[in-house]
Amino acid sequence: MNLERNDIGIVGLGYVGLTLAAAMADAGLTVVGVEKRDDVARSIANGKAHFHEKGLDAILRTVIDAGRLTVAERLTAETPCNTYIITVGTPLDNAGDARLDMITNASREVADAMPDGALVLLRSTVKIGTARNIVYPILQASGKTFDLAMCPERTLEGNALSELRHLPQIIGANDPRSRQRAEELFRRLTGQVLTVSSWETAEIIKLADNTFRDVRFGFANEIARLCDAVGVSANEVINTGKLGYPRTNIAFPGLVGGPCLEKDPHILCQSARAFGIDMEITASARLVNERQPVECAQFICDELDRRGARPDATIDLLGLAFKGIPETDDLRGAMSLHVASALKRFRPSTRLRAYDPVVSAEAIRALPYDFAVIEDPGDIGMGAAAIVITNNHPAFGAMSWSTLSMALTDGGFVYDFWNHFSDLDTVRSQKSYFAVGSTRRGGE
């Protein structure tokens with residue numbers, strides 16, 4: 001396998017594609033990345049990623065200046081590559097089904113551009129059978145020879161560049177040659193390469209990995225619902241129950257979403273139904289996690305009413321990105337936005353202000369929620385009837401509780417999806433703090 005010339009073509013420079021392109025170019029490979037959005041392509045070509053990822057911009061500048069990474073609008077047969085990697089998204093449509101049109105289009109683009117003998121890698125998260133039933137037939141129809149492997153992305157946003165070099169890479173293929181070629185390529189990035197016997201095996205591994213996490217968090221949120229009803233603290237139940245007891249490791253409750261966990265369990269369920277299997281635990285966990293933002297927003301609005309808050313009272317939302325550890329500015333699948341929608345539905349005149357340590361003010365203003373942006377953290381809570389902490393960024397736990405509580409209007413309160421302050425005795429004794437899994441502790 002000749003890796004000494006233009007050897008990698010990556011279709012899709014979103015989060016998965018761009019971090020992979022940068023890592024491969026940094027490893028000495030020559031990469032052509034396909035990006036159809038003009039503004040994104042220009043930004044990347046200037047060495048600036050269109051999302052926050054620690055260390056990525058520095059690597060981009062280095063590999064672009066060295067000529068090892070270029071950006072193109074599309075692949076062409078005039079600039080062939082030895083390997084093509086499909087990393088386009090598979091979002092859910094309005095009916096909740098995984099869209100595969102971008103996979104189809106990317107496969108056709110690769111089929112038209114690839115030379116005989118190319119290696120094609122599918123890296124997108126897909127329904128089981130996508131490699132066999134969609135990608136392979138499109139490539140085969142070109143009349144060219146090729147090898148095909150499924151190599152799912154498994155990195156954590158905020159730590160992708162490190163994990164690309166250290167996490168085991170899964171390689172699924174239906175023949176030894178494809179597995180060997182994909183293994184040789186990924187050993188340029190990491191020494192840990194795991195091969196499996198088929199495309200479907202690798203497709204299921206990806207879906208199972210993310211769904212397991214969603215189920216684990218769903219159980220934690222179900223325990224939190226029970227603790228709310230009983231009037232005890234879920235944080236205390238979970239924290240104490242796992243100490244020194246290795247057979248229990250319940251996650252802590254909180255908002256569960258993001259570009260993977262919001263959709264991958266649905267993709268797994270849809271895939272399973274095609275084989276006559278109903279993924280009951282998976283579906284139940286997703287139901288719990290999707291219901292939580294609305295239930296909590298209802299509690300917040302009921303509490304505002306109970307305390308006599310004006311219909312146009314201000315609520316400050318802290319942490320819009322779908323997670324805070326590792327920090328990211330990714331708003332895809334962010335449950336904070338579901339909370340915002342529910343708050344406006346229950347109290348239409350409510351004024352929403354928003355703050356995030358990473359998401360830009362411009363990105364917040366572009367959201368369809370009419371957010372007022374808090375640009376100075378010192379203004380958090382000023383004149384607000386409630387503060388709602390919607391992600392787990394460490395900056396929120398580091399804030400002064402007394403400063404937050406004093407900034408609120410009379411009768412104001414904090415609702416914390418992530419229990420940042422639950423361990424403080426001074427907070428637990430007050431009636432102005434609620435957290436997921438302990439909503440009765442503050443008000444009674």
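When we follow the UniProt record's numbering, the leftmost residue of the sequence shown carries the number 1, and every step to the right adds one. We put the CB at the ideal spot given by N, CA and C, even for glycine.
Chain-order list of residues whose beta-carbon lies under 7 Å from that of residue i (same chain, five-residue window excluded)
i      : result
Gly96  : His266
Met279 : Leu268, Cys269 and Ala272
Cys301 : Leu343, Phe346 and Arg347
Gly412 : Ala384, Ala385, Ala386 and Ser432
Asp264 : Thr125, Leu207, Asn210 and Thr211
Beta-carbon spacing of residue i, residue j below 9 Å
i      : j      : result
Ile86  : Leu122 : yes
Leu167 : Thr195 : no
Asn249 : Lys242 : yes
Leu13  : Val40  : yes
Asp7   : Leu29  : yes
Val294 : Leu317 : no
Pro91  : Ala113 : no
Phe252 : Asn419 : yes
Trp199 : Ala131 : yes
Phe322 : Leu255 : yes
Val135 : Ser162 : no
Arg188 : Ala22  : no
Thr409 : Ala313 : yes
Phe421 : Glu303 : no
Gly218 : Met335 : no
Leu69  : Ala25  : yes
Gly129 : Ala274 : yes
Where the beta strand (DSSP E) containing residue i begins and where it ends
i      : result
Arg351 : Arg351 to Tyr355
Thr104 : Taken as a continuous stretch (DSSP letters only), Thr104 belongs to no beta strand (DSSP E), being part of the alpha helix (DSSP H) at Asp101 to Ala113.
Phe434 : Tyr433 to Ala435
Gly33  : Thr30 to Val34
Tyr136 : Taken as a continuous stretch (DSSP letters only), Tyr136 belongs to no beta strand (DSSP E), being part of the alpha helix (DSSP H) at Tyr136 to Gln140.
Gln192 : No beta strand (DSSP E) holds Gln192; DSSP gives it neither H nor E.
Tyr369 : No beta strand (DSSP E) holds Tyr369; DSSP gives it neither H nor E.
Rounded distance between the beta-carbons of residue j and residue i, thought under 8 Å
i      : j      : result
Asp416 : Ile374 : At roughly 17 Å, the Cβ-Cβ gap does not stay under 8 Å, so Asp416 and Ile374 are not in contact.
Ala224 : Val436 : 5 Å
Ile325 : Asn221 : Not confirmed; about 18 Å, so no contact.
Phe346 : Thr439 : No, Phe346 and Thr439 are not in contact; Cβ-Cβ is about 16 Å, not under 8 Å.
Lys127 : Gln270 : 6 Å
Glu109 : Val71  : Contact doesn't hold; Cβ gap of about 15 Å is too wide.
Thr282 : Val232 : 28 Å between Cβ atoms; not a contact.
Val288 : Asp329 : Going by Cβ atoms, the distance from Val288 to Asp329 rounds to 27 Å, so no, they are not a contact pair.
Asp209 : Arg154 : 7 Å
Gly333 : Glu262 : 3 Å
Ser349 : Pro311 : 4 Å
Leu60  : Ala49  : 6 Å
Residue span of the alpha helix (DSSP H) that contains residue i, given as start and end
i      : result
Phe219 : Trp199 to Val230
Val63  : Leu56 to Asp65
Met150 : Where Met150 is concerned, there is no enclosing alpha helix (DSSP H), although the beta strand (DSSP E) it sits in stretches over Phe146 to Met150.
Val40  : Asp38 to Ala45
Leu121 : That residue, Leu121, is in no alpha helix (DSSP H); its beta strand (DSSP E) goes Ala118 to Leu122.
C-alpha distance - residue i paired with residue j, whole-angstrom precision
i           : j      : result
Gly67       : Asp57  : 15 Å
Gly383      : Arg307 : 15 Å
Gly442      : Gly158 : Any reading at Gly442 is ruled out, since the residue's pLDDT is 43, under 50, leaving its predicted position unreliable.
Val63       : Leu20  : 12 Å
Arg177      : Ala111 : 19 Å
Leu352      : Ile44  : 33 Å
Ile138      : Arg286 : 33 Å
Gly17       : Val88  : 8 Å
Phe371      : Leu156 : 28 Å
Ala354      : Pro115 : 50 Å
residue 450 : Glu73  : Residue 450 falls outside the range modelled here, since the chain spans only 1 to 444, and no answer is possible.
Phe51       : Tyr15  : 8 Å
Gly47       : Ala363 : 20 Å
Ala361      : Asp376 : 11 Å
Lys54       : Glu327 : 9 Å
Leu148      : Ser284 : 35 Å
residue 447 : Val120 : Outside the shown range of the chain, which is 1 to 444, sits residue 447, and nothing can be said about it.
residue 445 : Ser400 : A question about residue 445 goes unanswered here, because the residues of the chain that appear run from 1 up to 444.
Ala202      : Asn133 : 15 Å
Asn174      : Met150 : 9 Å
Arg179      : Arg247 : 37 Å
Asp423      : Ala398 : 13 Å
Gly244      : Asp305 : 42 Å
Val427      : Ile315 : 20 Å
Spatial neighbours of residue i in its chain, beta-carbon cut-off 8 Å, leaving aside the 5 residues before and after
i      : result
Leu337 : Leu320, Leu331, Leu367 and Tyr369
Leu404 : Ile380, Gly381, Ile387 and Val414
Glu183 : Ile171, Val193 and Thr195
Proximal residues to residue i (C-beta, below 6 Å), its chain only, five neighbours per side dropped
i      : result
Lys206 : Thr125 and Pro152
Gly9   : Val32, Leu75, Cys81 and Tyr84
Phe186 : Gln169 and Val193
Met406 : none
Thr145 : Asp116 and Gly117
Cys260 : Asn210
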